[in-house]
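**Student:** Every number in the working numbering is 99 more than the matching position in the sequence shown, counting from 1. For each residue, glycine too, the CB sits at the ideal point set by N, CA and C. Being a predicted model, the structure only gives us computed values, none of them experimental. Dumping the structure here so I can ask a few things about it.
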Amino acid sequence: MFLDFCRDPEKQKLTILRSIRKNNGSFNALYAPLEVAEATYLAELLGVDYKLGPTSEAPFDRIILDLSRKISDNPFKMIWYSEVPDRPTSYLKGNQKCVYLTDSPEEIHNKLKDDTYSQWLLDVLKPFNASSLNLEENICNISKAILDKI
(Lines of atoms letter the chains of each structure in order from A and count residues from 1; the text may use other names and numbers.)
(Lines give C-alpha, C1' and ligand atoms only; values in the text may rest on other atoms or scores of the structure.)
Protein backbone atom coordinates (compact mmCIF):
# COMPACT_ATOMS: atom_id res chain seq x y z
CA MET A 1 0.00 0.00 0.00
CA PHE A 2 2.64 2.55 1.01
CA LEU A 3 4.93 1.44 -1.77
CA ASP A 4 2.12 2.15 -4.26
CA PHE A 5 1.82 5.63 -2.74
CA CYS A 6 5.54 6.19 -3.23
CA ARG A 7 5.38 5.07 -6.86
CA ASP A 8 2.37 7.23 -7.79
CA PRO A 9 3.49 10.83 -8.49
CA GLU A 10 -0.13 12.02 -8.38
CA LYS A 11 -0.44 10.94 -4.74
CA GLN A 12 3.01 11.90 -3.55
CA LYS A 13 3.46 14.99 -1.45
CA LEU A 14 7.22 14.45 -1.53
CA THR A 15 9.42 13.45 -4.41
CA ILE A 16 11.20 10.20 -3.59
CA LEU A 17 14.70 10.29 -5.04
CA ARG A 18 15.53 7.61 -7.58
CA SER A 19 18.78 6.88 -5.79
CA ILE A 20 20.99 8.18 -3.05
CA ARG A 21 24.75 8.19 -3.41
CA LYS A 22 26.59 6.99 -0.34
CA ASN A 23 30.16 5.80 0.12
CA ASN A 24 30.77 5.92 -3.63
CA GLY A 25 27.86 3.54 -4.21
CA SER A 26 24.32 3.91 -5.42
CA PHE A 27 21.27 2.42 -3.75
CA ASN A 28 18.32 0.74 -5.39
CA ALA A 29 15.46 3.11 -6.27
CA LEU A 30 13.13 1.20 -3.91
CA TYR A 31 15.41 1.55 -0.89
CA ALA A 32 14.14 4.98 0.19
CA PRO A 33 10.43 4.14 -0.24
CA LEU A 34 10.93 0.91 1.70
CA GLU A 35 12.66 2.82 4.51
CA VAL A 36 9.66 5.18 4.64
CA ALA A 37 7.25 2.24 4.60
CA GLU A 38 9.12 0.56 7.44
CA ALA A 39 9.07 3.72 9.57
CA THR A 40 5.37 4.24 8.88
CA TYR A 41 4.58 0.62 9.75
CA LEU A 42 6.50 0.80 13.04
CA ALA A 43 4.85 4.11 13.95
CA GLU A 44 1.29 3.02 13.18
CA LEU A 45 1.35 -0.56 14.43
CA LEU A 46 3.83 -0.44 17.31
CA GLY A 47 3.76 3.23 18.31
CA VAL A 48 7.43 3.77 17.52
CA ASP A 49 8.12 7.52 17.51
CA TYR A 50 11.91 7.59 17.14
CA LYS A 51 14.64 6.06 15.06
CA LEU A 52 18.08 5.71 16.57
CA GLY A 53 20.71 5.37 13.87
CA PRO A 54 24.15 6.38 12.66
CA THR A 55 24.79 9.73 11.00
CA SER A 56 25.66 7.79 7.83
CA GLU A 57 21.91 7.10 7.43
CA ALA A 58 20.96 10.79 7.56
CA PRO A 59 20.23 11.06 3.79
CA PHE A 60 17.65 8.24 4.06
CA ASP A 61 16.30 9.48 7.38
CA ARG A 62 15.66 12.96 5.99
CA ILE A 63 13.30 11.45 3.43
CA ILE A 64 11.42 9.71 6.25
CA LEU A 65 11.33 12.97 8.24
CA ASP A 66 10.09 15.06 5.32
CA LEU A 67 7.35 12.66 4.36
CA SER A 68 6.21 11.98 7.92
CA ARG A 69 5.87 15.73 8.51
CA LYS A 70 3.57 15.96 5.50
CA ILE A 71 1.34 12.97 6.22
CA SER A 72 1.25 12.69 10.02
CA ASP A 73 0.21 14.76 13.00
CA ASN A 74 3.00 13.05 14.93
CA PRO A 75 6.06 13.11 12.64
CA PHE A 76 8.82 10.57 13.10
CA LYS A 77 11.84 11.75 15.10
CA MET A 78 15.49 10.85 14.64
CA ILE A 79 18.39 10.52 17.00
CA TRP A 80 21.68 10.17 15.17
CA TYR A 81 24.91 8.97 16.68
CA SER A 82 28.53 9.08 15.62
CA GLU A 83 30.44 6.01 14.50
CA VAL A 84 31.27 3.43 17.13
CA PRO A 85 34.88 3.95 18.26
CA ASP A 86 37.23 1.19 17.08
CA ARG A 87 34.36 -1.00 15.86
CA PRO A 88 32.67 -1.50 12.53
CA THR A 89 28.99 -0.53 12.53
CA SER A 90 26.93 -3.68 12.38
CA TYR A 91 23.27 -4.46 12.94
CA LEU A 92 23.98 -8.14 12.69
CA LYS A 93 25.28 -10.01 15.69
CA GLY A 94 28.63 -10.65 14.08
CA ASN A 95 30.73 -8.05 15.86
CA GLN A 96 31.36 -9.60 19.27
CA LYS A 97 32.54 -6.26 20.70
CA CYS A 98 29.17 -4.49 20.25
CA VAL A 99 26.14 -4.73 22.54
CA TYR A 100 23.05 -6.32 20.96
CA LEU A 101 19.45 -6.55 22.15
CA THR A 102 19.73 -10.27 22.75
CA ASP A 103 22.94 -10.10 24.79
CA SER A 104 22.79 -11.52 28.30
CA PRO A 105 23.59 -9.24 31.25
CA GLU A 106 26.97 -11.00 31.51
CA GLU A 107 27.76 -10.33 27.84
CA ILE A 108 26.78 -6.68 28.27
CA HIS A 109 28.95 -6.37 31.39
CA ASN A 110 31.98 -7.79 29.56
CA LYS A 111 31.50 -5.55 26.51
CA LEU A 112 31.23 -2.44 28.69
CA LYS A 113 34.68 -3.00 30.22
CA ASP A 114 36.01 -0.92 27.32
CA ASP A 115 35.82 2.63 28.73
CA THR A 116 35.74 4.33 25.33
CA TYR A 117 32.85 2.17 24.17
CA SER A 118 31.00 2.59 27.49
CA GLN A 119 31.27 6.37 27.31
CA TRP A 120 30.09 6.36 23.69
CA LEU A 121 27.09 4.18 24.58
CA LEU A 122 26.30 6.37 27.60
CA ASP A 123 26.16 9.43 25.30
CA VAL A 124 24.08 7.63 22.65
CA LEU A 125 21.55 6.32 25.17
CA LYS A 126 21.34 9.51 27.24
CA PRO A 127 17.83 10.41 25.98
CA PHE A 128 16.57 6.97 27.06
CA ASN A 129 18.37 6.55 30.39
CA ALA A 130 16.62 6.38 33.73
CA SER A 131 18.88 8.48 35.97
CA SER A 132 18.56 6.06 38.88
CA LEU A 133 20.15 3.20 36.89
CA ASN A 134 23.69 2.61 35.71
CA LEU A 135 24.55 2.05 32.05
CA GLU A 136 24.31 -1.75 32.22
CA GLU A 137 20.91 -1.62 33.92
CA ASN A 138 19.64 0.91 31.39
CA ILE A 139 20.81 -1.24 28.47
CA CYS A 140 19.10 -4.31 29.96
CA ASN A 141 15.86 -2.33 30.51
CA ILE A 142 15.90 -0.87 26.99
CA SER A 143 16.61 -4.29 25.46
CA LYS A 144 13.81 -5.91 27.45
CA ALA A 145 11.32 -3.17 26.52
CA ILE A 146 12.12 -3.57 22.83
CA LEU A 147 12.13 -7.37 22.88
CA ASP A 148 8.79 -7.38 24.73
CA LYS A 149 7.27 -5.36 21.85
CA ILE A 150 8.46 -7.64 19.05
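(1) What does a CB cutoff of less than 6 Å around Met177 pick up in its chain, not counting 5 residues either side in sequence?
(2) Short check: CB of Ala138 to CB of Ser167, under 8 Å?
(3) Pull up the distance between the alpha-carbon of Ile115 and that of Gly152, whole angstroms please.
(4) Determine the direct distance from the alpha carbon of Leu246 to that of Pro174, and round the result to whole angstroms.
(5) So, at 7 Å on beta carbons, what are the nonlocal neighbours of His208 in its own chain, with the 5 sequence-adjacent residues on each side left out?
(6) Could you please give me the residues that DSSP links to Pro153 through a beta bridge?
(7) When the distance is taken between beta carbons, is Leu224 closer than 8 Å to Ile241?
(8) Apply the 10 Å Cβ neighbour rule to Ala142 and answer buried if 16 or more other Cβ atoms are within range, or exposed otherwise.
(9) Quick check: what's the CA-CA separation for Phe227 versus Lys196?
**Tutor:** Quick look at the numbers:
(1) Lys150, Asp160
(2) yes
(3) No answer about Ile115 holds up, because its pLDDT of 49 lies below 50 and its placement is not dependable.
(4) 24 Å
(5) Glu235
(6) Tyr180
(7) Leu224 is positioned such that its CB atom lies closer than 8 Å to that of Ile241.
(8) buried
(9) Their backbone Cα atoms lie some 22 Å apart in a straight line.
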